[in-house]
Structure formats: C-alpha cells, structure tokens
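Those letters in the sequence shown? Residues 0 to 425, by numbering that gives the first Met the number 0.
Input: a single structure, listed below in structure tokens.
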Amino acid sequence: MGKGLIPADLETWKLRRRVIAPGFHALYLEAMAKVFTDCSERTMLKFEKLLEEECSRGGRTIELDLEAEFSSLALDIIGLGVFNYDFGSVTKESPVIKAVYGTLFEAEHRSTFYIPYWKIPLATWLVPRQRKFQSDLKVINDCLDGLIKNAKETREETDVEKLQQRDYLNLKDASLLRFLVDMRGADADDRQLRDDLMTMLIAGHETTAAVLTWAIFLLAQHPSKMKKAQAEIDSVLGQGRTTFESIKKLVYLRLIVVEALRLYPQPPLLIRRSLRSDRLPGGYNGDKNGYEIPPSTDIFISVYNLHRSPYFWDKPNEFEPERFLVQKESQGIEGWAGFDPSRSPGALYPNEVISDFAFLPFGGGPRKCVGDQFALMESTIALAMLLKKFDVELKGSPDSVELVTGATIHTKNGLWCRLKTRPNVH
C-alpha cells in the first residue's frame, strides 16, 4: 500500500486524509448506489442462470460458496466506484483479477505473519512467494498507471466545493479517482494516487465481502429474521431497483448489517500508538485511578471482544439486530456514557457516537475509516438484492463453518450455501 491512508506516517496521513475524505461526499454516495445495484444485479443474474440450468436437470437448488461470490462482487464494486475500472470478476477471470487476488492474499499474509521476512535483502527475489507478489504487483500497478494517465488526460480541474456539487448521477465517470485528479489536476502525484487506490482496493474489498458472508451466515441460522428482512425488502422495493432513497427505508436490513459487524467486526483488532502521556479510565471493576499510558505506547484494541462484552451488550453473543434501537444505561462502568441512539440524529447507521465507542466496526476519531458509509451502503444493497430473489440456507451445520482471523474474519473453507428462487418472484 506504499504511503496510502492506512500505513502512512502521521504527517503523510494528515495530508492524504485531507485530500481523500472530501471525495466520499453525499452526492458521490448517492451515485454509488447505482453502481452497487448494477454490480449486484450482475451477480444475481449469474445465480439465476445457474438455477435455470439446474431446474432443466430436475433440480431446485444450487450450491455456492457465497464468500467467494461476495468477494468477486466487492472487487467489481471497488473497481468501478474507486477508479472506474470494470474487473467483471463475477463472470470472468483475467490476469488483472488473478493479480489482485494474489496481492490481497499477500496483504493478509503480511498482516498476520510474526516475522517480516519480506524485508530481508534479496527476499523479494529468493522467496518464490515474494517473486509472485512482485509480479502481481507489477500487473496491478501497470493497470492503475494506465487509469491514472487516462484520468489526467481527460481532467476538468476545479475546486472541492464545485466538485461536490457535480451531477454525479449523470456523470459517465463518477469514480473517486476522477474526483482526486480533477481536484489536484496535473499536480496529482502518480505514485501517491496509485498508493491511495491500492489502499482502498485492499481495505475496501475484503471488508465488504466479510460483512456479507457473516450476515448470511447469521440469517441462515435465524429463518424468522431472514423472512422479516425479505418482507421489508418486498414492501420497500417491490419490483423496483434499489436506490439511495430506498436504503433509508430498509431499516431492519441496515440493522442486520451492523449487527453482523458487531459479531464479526472487520477488522477484529485495532492498533493505536499514544503520541503523549495519557490516563485511561478504569472501566468495569478496574483501577479507580485509571491506567497511566506513557508516550509511544502501542495499544491493542480487541474489537471482537469489545463487541461481545457483557458489560456493554445484553446477550452479547446473540444475533439481535433490533438491539441498536434501544437505549442502555452505563450501569457504573467508569468512562462509558452508555448507549443512546439519539446522540447521532439523522445517522443512517449506528456508529461509535451512539455507543460511546462500545461499537467500533470502522474505528473512531480522526483515524476512523473514511469509506464507512460506502461499505455499509454497498453491503445493504447487495444483501437486499440477494434476499429479494432467493431463499438461502447453509449447506452444512453452523459448526462446520470454521473461522480464520487475520486482517479480517473470514472462513477457512468458504461459506457453502444452498440457494433457491423465492416463490412468486419474477
């Protein structure tokens, strides 16, 4: 990711955040709803064709690894939404797609391997895995360089305010790359742009695929909740397409997405470093004087454990999407103000403000994920499109789905499910 937003040092991060954050404005997100819908429709059409073929052979269901399918869908969405490139990975394979997945696997490997052997001199050329990674990286960089070159050649420079007022719904290219290039013009540094795009590709791809995977995993174990979600989808969408406005009406489905993120946060672990000395509150049954934190201390925050803590959540291991609608008192936990949905009026999704940082799926504070609304809306639309057309059940038992924890929480062998067309769906 070079000097992209996630791995950047403090000064570089401040600069990149100032440049990138304005790109995720309301009109951009509204336009992205169409991208999310178009890509999801392509995935659903693939499923429908597979079911038609199965029905012609006398069958009624198909078996699919939905984790893999969601991964392809998320890649296509990131490609179009961030740099106006259609990977088409739902329906085809290409050298670029293979290189992207090779790079994603390497990023996961490096995030969890305890010895950074790839930094050893000559490891890049002596270790076969690293040679392949360098080859994959060149394929992607060549692709991104071409996209950046094209964006610069067709740039229309203007200031941020005017960029945010463009008619994004009718733009041929509404991508984030277009925004960044038009904002900076010819002065936009190619390498920095490439690092930014690579960061968003890696960070935005696996996260969304994982959210959808675990949402379906949970819904398949709770058929009544799946039917409730489908009833809401039928009522809101009917035979129409999902739009930015319809997302606002899919209240229960949005709660399902955030509850899946509570139980399976992406990432499950956050790391922060103190810039100066500080004192953390004692919390529940902790030291009443709090805990002194010296400067340059690395602080590991287990979001997974935080989201399942019985001190902050009632029935913490249960799948209860409606929990986010209910106020919860602090009950004597020092330093925690409790859970109050009214703290963030107008918020489309529950966030860290509502929960006073007991809910941290995208982090919090200045380093909070800049693409949180993008990811949440993308997940909501994809889930709506799937449940609108299909009934889903697990192929095996829930216990057969093994977890693997790295930069994200994913399965060991995929999420194998049975899909069948819902009755009276045309």
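Every residue, glycine too, gets a C-beta built ideally from N, C-alpha and C.
For the region 34-46 and the region 394-403, state whether three or more C-beta atom pairs, one from each stretch, are separated by less than 8 Å. The region 34-46 is not in contact with the region 394-403.
What does the alpha-carbon distance come out to for the pair residue 266 and residue 306? Whole-angstrom Cα-Cα distance: 12 Å.
With a floor of 3 residues, list each beta strand (DSSP E) that falls wholly inside the region 221-272, ordered by position along the chain. Complete beta strand (DSSP E) runs here, min 3: 268-272.
So, is the C-beta of residue 303 closer than 9 Å to a C-beta in chain C? Absence of chain C from the displayed structure is noted, only one protein chain being present.
How big is the Cα-Cα spacing for residue 271 and residue 380? Roughly 32 Å separates the two Cα atoms.
Would you decide whether residue 263 is buried or exposed? Buried here means 16 or more other CB atoms lie within 10 Å of its CB. Buried, since its Cβ has 16 or more Cβ neighbours within 10 Å.
Do you know offhand how far residue 55's Cα is from residue 207's? For the pair residue 55 and residue 207, the Cα-to-Cα distance works out to about 33 Å.
If distances are taken between C-alpha atoms only, which option among 97, 363 and 29 comes closest to residue 168? Proximity to residue 168 across 97, 363 and 29 peaks at 29, based on C-alpha coordinates.
Start and end residues, alpha helix (DSSP H) containing residue 335: That residue, residue 335, is in no alpha helix (DSSP H); it is neither H nor E in DSSP.
Is residue 403 buried or exposed, if buried means 16 or more other CB atoms sit within 10 Å of its CB? Exposed, since its Cβ has fewer than 16 Cβ neighbours within 10 Å.
Rounded to a whole number of angstroms, what is the C-alpha to C-alpha distance between residue 72 and residue 198? For residue 72 and residue 198, the distance between alpha carbons rounds to 18 Å.
Exposed or buried, which one is residue 90 when buried takes at least 16 other CB atoms within 10 Å? Under the 10 Å beta carbon count, residue 90 is surrounded by fewer than 16 other beta carbons and is classified as exposed.
Using only the alpha-carbon positions, how far apart do residue 418 and residue 217 sit? Distance between the alpha carbons of residue 418 and residue 217: 15 Å.
Residue 385 to residue 323 span [Cα, whole Å]: Distance between the alpha carbons of residue 385 and residue 323: 23 Å.
List, from N- to C-terminal side, the alpha helix (DSSP H) runs of 4 residues or more that fit wholly inside the region 371-408. Qualifying alpha helix (DSSP H) stretches, in chain order: 371-388.
Residue 172 beta carbon less than 9 Å from that of residue 150: In this structure, the beta-carbon distance from residue 150 to residue 172 falls below 9 Å.
Since residue 368 is in the beta strand (DSSP E), which residue starts that stretch and which ends it? Bounds of any beta strand (DSSP E) do not take in residue 368, whose DSSP letter is neither H nor E.
Which one or two residues does DSSP pair with residue 61 in a beta bridge? Paired residue(s): 418.
Between the Cα of residue 24 and those of 164, 338 and 389, spot the shortest distance and give me the residue it belongs to. Minimum Cα-Cα distance from residue 24 among the listed residues 164, 338 and 389 corresponds to 164.
Can you tell me which of 126, 181, 36 and 61 puts its alpha carbon nearest to the alpha carbon of residue 420? The shortest C-alpha to C-alpha distance from residue 420 to any of 126, 181, 36 and 61 is the one to 61.
Provide the residue span of the alpha helix (DSSP H) that contains residue 291, from first to last. No alpha helix (DSSP H) holds residue 291; the beta strand (DSSP E) holding it covers 290-292.
Can you give me the Cβ contacts of residue 40 inside the same chain, cut-off strictly under 7 Å, excluding the 5 residues immediately before and after it? For residue 40, the CB contacts under 7 Å within the same chain, skipping 5 residues up- and downstream, are 384 in chain order.
Proximity to residue 209 [Cα-Cα], best of 84, 183, 377 and 9: The shortest C-alpha separation from residue 209 is found at 377.
Within the continuous beta strand (DSSP E) that includes residue 307, where are the two ends? In the DSSP assignment, residue 307 falls outside any beta strand (DSSP E), carrying neither H nor E.
Quick check: what's the CA-CA separation for residue 80 versus residue 288? Each residue's alpha carbon lies about 48 Å from the other.
Cβ neighbours of residue 296 in the same chain (closer than 8 Å, five flanking residues each side left out): Answer for residue 296: 272 and 273, listed in chain order.
With H, G and I counted as helix, E and B as strand and the rest as coil, what does DSSP make of residue 315? Three-state result, residue 315: coil.
Coarse secondary structure for residue 127, derived from DSSP in three states: Residue 127 falls in the helix class under three-state DSSP.
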